[in-house]
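So the sequence shown is numbered by our numbering: it starts at 13 and just counts up by one. A quick write-up on the structure given underneath.
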Amino acid sequence: MRILIVGATSAIAEATARLFAKEGAEFFLTGRNSGRLEIVAKDLTNRGASKMQTAIFDITKLEDHFAILDQSFLSPVDVVLVAPGTLGDQKACEASAEATVKELSTNFVATAALLTQIANRLERGAVIAVISSVAGDRGRQSNYVYGSAKGGLSIFLEGLRNSLYEAGVHVLTIKPGFVDTPMTAHLSKGPLYVKPEVIATGIKKAIERRKNVVYLPFRWKMIMAIIRMIPEPLFKRMKL
Ligand SMILES: NC(=O)c1ccc[n+]([C@@H]2O[C@H](COP(=O)([O-])OP(=O)(O)OC[C@H]3O[C@@H](n4cnc5c(N)ncnc54)[C@H](OP(=O)(O)O)[C@@H]3O)[C@@H](O)[C@H]2O)c1
13 MRILIVGATS AIAEATARLF AKEGAEFFLT GRNSGRLEIV AKDLTNRGAS
63 KMQTAIFDIT KLEDHFAILD QSFLSPVDVV LVAPGTLGDQ KACEASAEAT
113 VKELSTNFVA TAALLTQIAN RLERGAVIAV ISSVAGDRGR QSNYVYGSAK
163 GGLSIFLEGL RNSLYEAGVH VLTIKPGFVD TPMTAHLSKG PLYVKPEVIA
213 TGIKKAIERR KNVVYLPFRW KMIMAIIRMI PEPLFKRMKL
């Protein structure tokens, strides 16, 4: 199996890649941080990856999208995992148009642009797995810029899944809840937090079973169903 991982230095992506490395998968890894990317690549090779290629790639540099995909699609790709994301500061976004645009760009605009190019290159039987978030299921005052970007991404993936169905390319939307990763390092951890390894196991299963949308862990499906049911006149008064 040949796997392209965009944002391979993500803790969730790395934990997922380790599970596939054990089975001898081939990888093309991209990431912004060359030092971290090489550490991840070496670790996956030590764990059993049968072939390893890496490339430096910042997803917001739209001018680089074409070249990076030309490089990574020299051989057919079976699975693409798209992980980049930033949990920007909501208050900073409220104070700065630039901060808001940057947040929307990484988490939605650049990701959607890249996915469009990826979709054009995949062959029947391939899977595109993209990490969205439960935060995209309902706008909340504490993180609605990040949440709206992920919400937009989830809708985009819904359309992409529909559009690629006939071509036999599968699209998986991954919606994790709270995960203990560098992204959430500055937040205090409650009982709903899980380690990236838990999410990784769920992602691998969902790829293999060709799931459409997965909440990880599963309990978030119930939590978000309840949150979505709260009537707007009540929801707008809540401090969430
Ligand atoms: N942690 C959670 O609670 C949680 C919950 C729901 C969804 N998610 C989503 O899960 C995904 C993975 O996050 P994580 O939890 O594994 O956190 P993480 O370890 O901090 O990973 C975030 C990754 O995004 C990469 N990234 C950010 N901006 C980028 C850009 N412009 N171009 C390329 N890569 C970029 C980072 O690269 P650098 O190493 O270069 O910074 C890093 O590899 C994200 O999409 C996130 O939104 C996380």
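Ideal placement from N, C-alpha and C gives every residue a C-beta, glycine not left out. Bear in mind the structure is a predicted one, so any value in this text is a computation, not a measurement.
Item                                                                                                            : Value
Element boundaries [beta strand (DSSP E), containing Ile143]                                                    : 139-143
Top-ranked residue by Cα proximity to Ala61, from Leu252, Ala79, Val52                                          : Val52
Status (buried if at least 16 other CB within 10 Å, exposed otherwise) for Ala3                                 : Absent from the structure is residue 3, since the part of the chain shown begins at 13 and ends at 252.
Every unbroken beta strand (DSSP E) within the segment 18-77, with a cutoff of 3 residues, ordered by chain     : 38-43, 63-68
Element boundaries [beta strand (DSSP E), containing Pro245]                                                    : Here Pro245 belongs to no beta strand (DSSP E); instead the alpha helix (DSSP H) covers 244-247.
Check: Gly97 C-beta below 7 Å from any heavy atom of ligand 1                                                   : yes
Own chain residues within Cβ distance below 6 Å of Glu38, not counting five before or after                     : Arg14, Ser62, Lys63
Residue closest to Thr213, alpha-carbon to alpha-carbon, out of Ile17, Leu16, Ala27                             : Ala27
Pairwise C-alpha distance: Leu74 and Gln65                                                                      : 21 Å
Extent of the continuous alpha helix (DSSP H) to which Val113 belongs                                           : 109-116
Simplified DSSP state of Lys187, which is helix, strand or coil                                                 : strand
Per DSSP, cross-strand counterpart(s) of His182                                                                 : Val139
Through-space distance from Lys248 to Gly151, alpha-carbon basis                                                : 10 Å
The segment 198-208 / the segment 149-167 touching (three or more Cβ pairs under 8 Å)                           : no
Residues that Ile15 bridges to, as DSSP identifies them                                                         : Phe39, Val91
For Asp70 and Lys223, the rounded distance between their alpha carbons                                          : 28 Å
Range of the contiguous alpha helix (DSSP H) that encloses Leu169                                               : 156-176
Check: Arg5 C-beta below 7 Å from any heavy atom of ligand 1                                                    : Residue 5 lies beyond the stretch modelled for the chain, which goes from 13 to 252, so this question has no answer here.
Own chain partners of Lys207 with C-beta closer than 7 Å, once the 5 adjacent residues on each side are dropped : Asp192
Three-pair Cβ contact test at 8 Å for the segment 130-138 versus the segment 106-115                            : no
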